[in-house]
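A.B. asks:
In my numbering, the protein residues as written are 20 to 141.
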């Protein structure tokens, strides 16, 4: 087993407006991206649990042209409010770097068409 940080080229969070937070996970190549995506470890349920939000509000997208997975969730408090501890949402990625991902086997990951919960515009 390995950690998500061992596979991803970039793991970041940032505001998607004052009420939403977006997580971007980008991979160095299509093989690595497909391996992690097909493993199923980055699921709506994991994101809901990690960020303490209901699964129904988690939006998870696979964006093949960029070898990227994007997740959007509601922010716990509005950006800039007195209760906000991360104005730009840039520190929220931390729990994701240690997500356990199965090792890549000697055999290549089969190319599968990944399904988005919603269509993500190119």
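We treat Cβ as the ideally placed atom computed from N, Cα and C, and that holds for glycine. This structure is a prediction, so every number in the text was calculated from the model and none was measured.
Return the residue from the list 23, 38, 123 that minimises the CA-CA distance to residue 97.
C.D. replies: One-based indexing of the chain shown puts residue 97 at position 78. With distances taken between CA atoms, residue 97 lies nearest to 38 out of 23, 38, 123.
A.B. asks: Give a yes or no on whether the minimum CB-CB distance between residue 85 and chain C is below 7 Å.
C.D. replies: The chain labelled as chain C is not found in the depicted structure, where only one protein chain is given.
A.B. asks: Using 8 Å for Cβ pairs, my map puts residue 67 next to residue 74. What's the rounded Cβ distance?
C.D. replies: As a position in the chain shown, residue 67 is number 48, starting the count at 1. As a position in the chain shown, residue 74 is number 55, starting the count at 1. Between residue 74 and residue 67 the Cβ distance is about 4 Å, and since that is below 8 Å, they are a contact.
A.B. asks: Taking residue 66 as part of the alpha helix (DSSP H), name the residues at either end of that continuous run.
C.D. replies: Locating residue 66 in the chain shown gives position 47, counting from the first residue. Residues 63-70.
A.B. asks: Relative to the C-alpha of residue 107, which residue among 29, 33, 23, 25 is closest?
C.D. replies: Reading the chain shown from its first residue, position 88 is the one you call residue 107. It is 33 whose Cα lies nearest to the Cα of residue 107.
A.B. asks: Between residue 60 and residue 101, what straight-line distance do the alpha-carbon atoms span, to the nearest angstrom?
C.D. replies: Within the chain shown, the letter at position 41 stands for residue 60. Within the chain shown, the letter at position 82 stands for residue 101. So the two alpha carbons sit approximately 34 Å from each other.
A.B. asks: In the DSSP assignment, find the unbroken alpha helix (DSSP H) run with residue 25 in it and report its ends.
C.D. replies: For the purposes of this step, residue 25 is taken as residue 6 along the chain shown, with counting starting at 1. Run containing residue 25: 23-26, per the alpha helix (DSSP H) assignment.
A.B. asks: Looking at residue 91: is its Cβ nearer than 7 Å to the Cβ of residue 27?
C.D. replies: Numbered from its first residue, the chain shown carries residue 91 at position 72. Numbered from its first residue, the chain shown carries residue 27 at position 8. No; because the gap between Cβ atoms is not below 7 Å, this pair is not in contact.
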